[in-house]
Every structure is written in structure tokens, then in C-alpha cells.
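Below is one structure; the comments refer to it alone.
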Amino acid sequence: MSVTLHERELFGGGPVLAGVHTLMGELESHGHDFVEIAVIGEGRGTHLSVHGGHELRRGDVIVLRPGAWHGFSGCDALTVANCCVSAAALRAEFALLEQVGAIHRLLWTDPVAEGARGVLVTRTDPDAALEAISEIRRLSAEPYQRLGEARLLGRLLTVLGTLTDGRDPVPPAPGHPAVRAASGLLAREPARAWTMDALAAAVRLDPDYLGRLFRRHLGLSPLAYLARIRAERAATLLLHTDLPVARVGAEVGWSDPTYFARRFRSLVGLTPSQYRNPQAANRAVTASE
Numbered sequence: 076m077s078v079t080l081h082e083r084e085l086f087g088g089g090p091v092l093a094g095v096h097t098l099m100g101e102l103e104s105h106g107h108d109f110v111e112i113a114v115i116g117e118g119r120g121t122h123l124s125v126h127g128g129h130e131l132r133r134g135d136v137i138v139l140r141p142g143a144w145h146g147f148s149g150c151d152a153l154t155v156a157n158c159c160v161s162a163a164a165l166r167a168e169f170a171l172l173e174q175v176g177a178i179h180r181l182l183w184t185d186p187v188a189e190g191a192r193g194v195l196v197t198r199t200d201p202d203a204a205l206e207a208i209s210e211i212r213r214l215s216a217e218p219y220q221r222l223g224e225a226r227l228l229g230r231l232l233t234v235l236g237t238l239t240d241g242r243d244p245v246p247p248a249p250g251h252p253a254v255r256a257a258s259g260l261l262a263r264e265p266a267r268a269w270t271m272d273a274l275a276a277a278v279r280l281d282p283d284y285l286g287r288l289f290r291r292h293l294g295l296s297p298l299a300y301l302a303r304i305r306a307e308r309a310a311t312l313l314l315h316t317d318l319p320v321a322r323v324g325a326e327v328g329w330s331d332p333t334y335f336a337r338r339f340r341s342l343v344g345l346t347p348s349q350y351r352n353p354q355a356a357n358r359a360v361t362a363s364e
């Protein structure tokens, strides 16, 4: 990873950044402090991430959570439509998206599942991909200030709905209220020393039953979900503050620096120091290829 892209520098004050690009050659590996959805159209290229290289084709959809990194190589007129969403907006004015089962799966569940490390490469119907690219182009053509919050959310819902309808014709089961409540507690207080007993007591359920509900509806355990939230918050602190690495870990709930480094690397693919230092990160990515 050679650079990190920041929403405060790119989004122009709005909660969404959209654009359609034609890539040739290489696009350096880079990280984000926002959520990115990339829809692949015509052309050829390879997607690079912590999972290695993936040969792209029309209909591929890439989702990256904050803290994740990726890049492209060998691109030959590769169409990539980007729809980037502020992480803060997903917790505030766009929070209702989390209540839509198929969108929750695309943006929250699958990219944070065990082993995903914040990166999801999935597929939608190729025709749905072309429709989504057209909608992203429309979204990029009109300034946020002119659209307004309600119309912007409508456009974003159209993009996400098109992708999810093409991805899975069978609607996923609706989320469970206890899972929503518990995941909300973890997101609001990630630094708290949560245990299964404490979390289950907060939502008035048996710990084993709550664990089963989490795995059924989110695909991972409550504490694995908490680890992903902590890694994303740590990534933000590493990029936006000068706090020592050990202090960053403590701020998100990992007070042991060694354990913090190990958990962060397992979830993001880089150590905290590599994530903060582009030169060190780039050497690590090159060595892994």
C-alpha cells in the first residue's frame, strides 16, 4: 500500500463520492478510511488485495471496509465504477441501509466475515453491473449540494439495490432485533472490555443463544464482529492522529501492544506500523506478491 485516501480530502463535504473510470496499466495499492464499492464493467485487469490477485470480469463487485487496501494491475481499458460512502454517514444519516438485509450482507456482513479482512470480491449479474455503472455515472454527474440528502440516499439505494438484486435472487432472512441491538452496542463502545456474558445481559439473552443468532445473521461471532470494528477504528486513528501505536491499540480496546499488532494484522493484512507508514507498507505488499 503506497497511499491512503481520505474522505475529508476527496468527498467535498458530502457523504458519497462516485465516478466511472477507465484504467490502463497499473493503479498503485492504496488504503481507504471510507467504504468503497467498485463495480467492474468491460475490459481486463487484475485486482490486488490482501488475498492476492484476482482476474476481473464484467459483473465483479469489490467492497472494501475502512482500513482495507487494494490495487489493480495489467489493466487494459478496464471500466471501474466507484461508489464510495463515508463511514460516518453509514453510522448516521445512512444508518437505515443496515436494516435492509441484502445491503447489510453486501456492505457489513460479508466483508467482515472471518477471513475476509475487510475485502469482499463477489459477483452480480453482468447486466445488473452495467445498470449499476450507469446509475453511478448519474450519481457522479450531479453535485451533492444540488441533490440533497433524500435524493442522494435514493440514488445510493438504487445502486445498491441493483447490485444486490443481481447478486442473490433469494432475499436473505431479516435481521434479528437482538443482533441489531448487540452489534449497535459494540459499534458504540468498541473499547469496552466486552464479554459474551456482559453483551448477552445487555440484550437480555442467553450468551450461547446470542452467539448462535450472530453466526446465523452476520456469519461470525459477536467477539469476531467486535474485533473488526476495533480494527477499523484503529485504522482511522493511525491515519488521522499522531498517537503512538500502543496508545491507538489501547484506545480501541486492545491494551496489549503485541496482541493489538497481531489482531490488526490478521484483520487488515498489515501491521499497525506498516499501515501508518506507506513506505513500510509498500515493501510488505511487494514482498508478498
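Basically the numbering used here = 1-based index in the sequence shown + 75.
Glycine included, each C-beta is placed from N, C-alpha and C at the ideal position.
Bridge-paired residues (DSSP) for Phe-86: Translated into the one-based positions of the sequence shown, residue 86 becomes position 11. Answer is none; Phe-86 lacks a bridge partner.
Cα-Cα separation, Glu-111 to Arg-213: The count along the sequence shown starts at 1 and reaches residue 111 at position 36. The count along the sequence shown starts at 1 and reaches residue 213 at position 138. Using only the alpha carbons, I get a separation of about 17 Å.
Alpha helix (DSSP H) segment containing Thr-315, residue limits: Translated into the one-based positions of the sequence shown, residue 315 becomes position 240. A quick correction: the sequence has His, not Thr, at residue 315. 297-315 is the extent of the alpha helix (DSSP H) around His-315.
DSSP state of Gly-127 mapped onto helix, strand, coil: Residue mapping note: residue 127 aligns to position 52 of the sequence shown, counting from 1. Here Gly-127 sits in strand by DSSP.
Start-to-end residues for the beta strand (DSSP E) that takes in Leu-102: Position 27 of the sequence shown holds residue 102. Counting along the chain, the beta strand (DSSP E) containing Leu-102 begins and ends at 91-107.
Cβ distance (whole Å) where Gly-127 is taken to contact Cys-150 below 8 Å: Here residue 127 refers to the residue found at position 52 when the sequence shown is read from its first residue. Here residue 150 refers to the residue found at position 75 when the sequence shown is read from its first residue. About 17 Å; that fails the 8 Å criterion.
Inter-residue Cα distance where the pair is Glu-274 and Leu-80: Taking the sequence shown and counting its residues from 1, the one referred to as residue 274 is at position 199. Taking the sequence shown and counting its residues from 1, the one referred to as residue 80 is at position 5. The displayed chain sequence assigns Leu, not Glu, to residue 274. Distance between the alpha carbons of Leu-274 and Leu-80 is about 34 Å.
Of the residues Ala-93, Ala-143, Arg-291, Arg-267, the one placed nearest Ala-156, counting alpha carbons only: Stepping through the sequence shown from its first residue, residue 156 is reached at position 81. For the residues Ala-93, Ala-143, Arg-291, Arg-267, the minimum Cα distance to Ala-156 belongs to Ala-93.
Trp-144 - DSSP class collapsed to helix/strand/coil: Working through the sequence shown from its first residue, we reach residue 144 at position 69. Trp-144: strand per DSSP, three-state reduction.
Trp-183 to Asp-240 span [Cα, whole Å]: Numbered from its first residue, the sequence shown carries residue 183 at position 108. Numbered from its first residue, the sequence shown carries residue 240 at position 165. C-alpha separation (whole angstroms): 17 Å.
Rounded straight-line distance, which links the Cα of Glu-307 to that of Arg-166: Residue mapping note: residue 166 aligns to position 91 of the sequence shown, counting from 1. Residue mapping note: residue 307 aligns to position 232 of the sequence shown, counting from 1. Each residue's Cα considered, the two are about 13 Å apart.
Distance, Gln-220 Cα to Gly-193 Cα: In the sequence shown, the residue the question calls residue 193 occupies position 118. In the sequence shown, the residue the question calls residue 220 occupies position 145. Roughly 30 Å separates the two Cα atoms.
Delimiting residues of the beta strand (DSSP E) encompassing Glu-365: Here the chain comprises residues numbered 76 to 364, so residue 365 is not present and cannot be evaluated.
Contact belief for Glu-103 with Gly-146 at Cβ below 8 Å, rounded distance in angstroms: In the sequence shown, the residue the question calls residue 103 occupies position 28. In the sequence shown, the residue the question calls residue 146 occupies position 71. With a Cβ gap of about 6 Å, Glu-103 and Gly-146 count as contacting.
Outcome for Gly-106 when other beta-carbon atoms lying within 10 angstroms are tallied against a minimum of 16: By one-based count along the sequence shown, residue 106 stands at place 31. Buried, by the Cβ-count rule.
Meets three-Cβ-pair contact criterion under 8 Å: the stretch 214-234 and the stretch 84-92: yes
Of the residues Phe-86, Gly-100, Ala-143, Val-78, the one placed nearest Arg-303, counting alpha carbons only: By 1-based counting over the sequence shown, the position of residue 303 is 228. That would be Ala-143, whose Cα lies nearest to the Cα of Arg-303.
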